[in-house]
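First residue of the sequence shown? That's 2 in this note's numbering, and the numbers climb one at a time after it. For glycine and all other residues, C-beta sits at the position ideal for the given N, C-alpha and C. Reading through the structure tokens given below for one structure.
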Amino acid sequence: MKFLLSDGRRIPAVGLGTYKMKDEEVKDIIDYALLEAGYQHIDAAWIYENERPIGQAVNRILDSGKLKREDIWITSKCWNDSHERSQVMSACKRSLENLGLEYLDLYLVHWPMGYSNDPESGLKISDVDYLETWKGMEDVFRAGLAKSIGVSNFNIDQLERLLANCNIKPAVNQFEVHPYLSNCELVDYCKSQSVHVTAYTPIGKGGSSNLSKDPVLVQLSYKYNKTWAQIALRYNIQRGISVVPKTSNKDRLVENISIFDFELTGPEMDAIRDIDREQRMVTFDATKNHPFYPFEEPKD
2 MKFLLSDGRR IPAVGLGTYK MKDEEVKDII DYALLEAGYQ HIDAAWIYEN
52 ERPIGQAVNR ILDSGKLKRE DIWITSKCWN DSHERSQVMS ACKRSLENLG
102 LEYLDLYLVH WPMGYSNDPE SGLKISDVDY LETWKGMEDV FRAGLAKSIG
152 VSNFNIDQLE RLLANCNIKP AVNQFEVHPY LSNCELVDYC KSQSVHVTAY
202 TPIGKGGSSN LSKDPVLVQL SYKYNKTWAQ IALRYNIQRG ISVVPKTSNK
252 DRLVENISIF DFELTGPEMD AIRDIDREQR MVTFDATKNH PFYPFEEPKD
């Protein structure tokens, strides 16, 4: 299953998240994901520090002739220390070199706030506007280095401002979405602007969300003979949201993509939406003082 983007391309509904996966771990799981489990999308980022082993795994498969380049969707992301317009192109080329690829299927601005890493003082907030960063993203697109471009972790105000000041609109906004953070307002806004949503952390993070014990998800898992995680993933898929769950467990890898043989009813979708706790797993607290920090303080 794939979702149609505003630029006419189709993004696979389920991808493999690779956040902080180690070298051999990521090589092994990508082989299995692409060749055995039926995945077509690998979600990467420069800051994950594993683009090189991802590229080695992908290129080994391509060299074997088992898959063609157009069979594999590769996403990567521009990190916060490369937000100046000229830096974006360099950052994209660096990711492509790491991956050993000629183009990315999707390149995202990882966060709206930019900063630099000062050797003496550490993280230093940058005053580079994400509108300038987006001009660099448009350069990347025009150069053919990325077939689609988008953003990640942008809120409504930031996305609205970007849409009013861009020449090429973002095709995707990737942000955290799961049953305890349905993010309905932002999802609905993206849909109204034909910006596709990809959900990261779609089943919570590290088991800390208690989603696995939620009565609604557990009850539905019994009804459909699925796991609570499959119910959570299916919830987003039926909202038109693609998902990139991370796992290095092969059984869970298969489980995460085996969500197309059942359908939740309207009342069941409503019941999952009603368990929203506005419980955010990813906050990036180190940048809370940045003027472009995208998240509001949690409600009491």
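Asked, Found
"Got a sec, what are the start and stop residues for the alpha helix (DSSP H) residue 223 sits in?", "216 to 225"
"Straight-line CA distance for residue 235 to residue 287?", "33 Å"
"In this structure, how does DSSP classify residue 297 when only helix, strand and coil are distinguished?", "coil"
"Whole beta strand (DSSP E) runs in the stretch 129 to 181 with 3 or more residues, listed along the chain?", "150 to 153 and 173 to 177"
"Confirm, please, whether the CB-CB distance from residue 201 to residue 175 is below 8 Å.", "yes"
"Strictly by DSSP, which residues pair up with residue 201?", "177"
"If you follow the alpha helix (DSSP H) that residue 87 is in, where does it begin and where does it stop?", "86 to 100"
"Which whole-angstrom value describes the C-beta separation of residue 16 and residue 90, a residue pair presumed to lie in contact below a C-beta threshold of 8 Å?", "That belief does not hold up - the Cβ atoms of residue 16 and residue 90 are roughly 25 Å apart, past 8 Å."
"Suppose contacts are defined by Cβ-Cβ distances below 8 Å. Is residue 232 in contact with residue 218 by that definition?", "yes"
"Does the structure place the stretch 35 to 45 close enough to the stretch 13 to 27 that three or more beta carbon pairs sit under 8 Å?", "yes"
"Identify the continuous beta strand (DSSP E) that holds residue 10 and give its terminal residues.", "No beta strand (DSSP E) contains residue 10, which DSSP labels as neither H nor E."
"Helix, strand or coil: how does DSSP classify residue 260 here?", "coil"
"Which term fits residue 185, buried or exposed, when burial requires 16 or more other beta carbons within 10 angstroms of its beta carbon?", "exposed"
"Where does residue 232 sit, in a helix, a strand or coil, going by DSSP?", "helix"
"Could you tell me the distance, in whole angstroms, from the CA atom of residue 215 to the CA atom of residue 125?", "40 Å"
"Threshold first: 4 residues or longer. Then list the alpha helix (DSSP H) segments lying entirely within the stretch 26 to 50, N to C.", "none"
"Run through DSSP, which three-state label would residue 208 get?", "Summary for residue 208: the model assigns pLDDT 48, below 50, so the residue's position carries little reliability; its value from the coordinates is reported in the next sentence. DSSP places residue 208 in coil when its eight states are reduced to three."
"Just how far apart, CA to CA, sit residue 208 and residue 281?", "Note that residue 208 scores 48 on pLDDT, short of 50, meaning its location in the model is unreliable; the coordinates nonetheless yield the value given after this. Spanning the two alpha carbons is a distance of roughly 13 Å."
"Determine the extent of the beta strand (DSSP E) in which residue 110 is found, giving its start and end residues.", "107 to 110"
"Can you grab the Cα-Cα spacing for the pair residue 205 / residue 212, in whole Å?", "7 Å"
"Does DSSP classify residue 276 as helix, strand or coil?", "coil"
"Can you round the beta-carbon distance between residue 109 and residue 65 to whole angstroms, since I take them to be within the 8 Å contact cut?", "No, residue 109 and residue 65 are not in contact; Cβ-Cβ is about 29 Å, not under 8 Å."
"Which residue wins for smallest C-alpha separation from residue 230, given the options 117, 156 and 247?", "247"
"On the DSSP bridge assignment, give the partners of residue 75 in chain order.", "43"
"Using the C-alpha atoms, what's the distance from residue 129 back to residue 1?", "Outside the displayed span of the chain (2 to 301) sits residue 1, for which this structure offers no information."
"Whose CA, out of 191, 33, 27 and 262, lies closest to the CA of residue 6?", "191"
"What's the gap between the Cα of residue 48 and the Cα of residue 80?", "6 Å"
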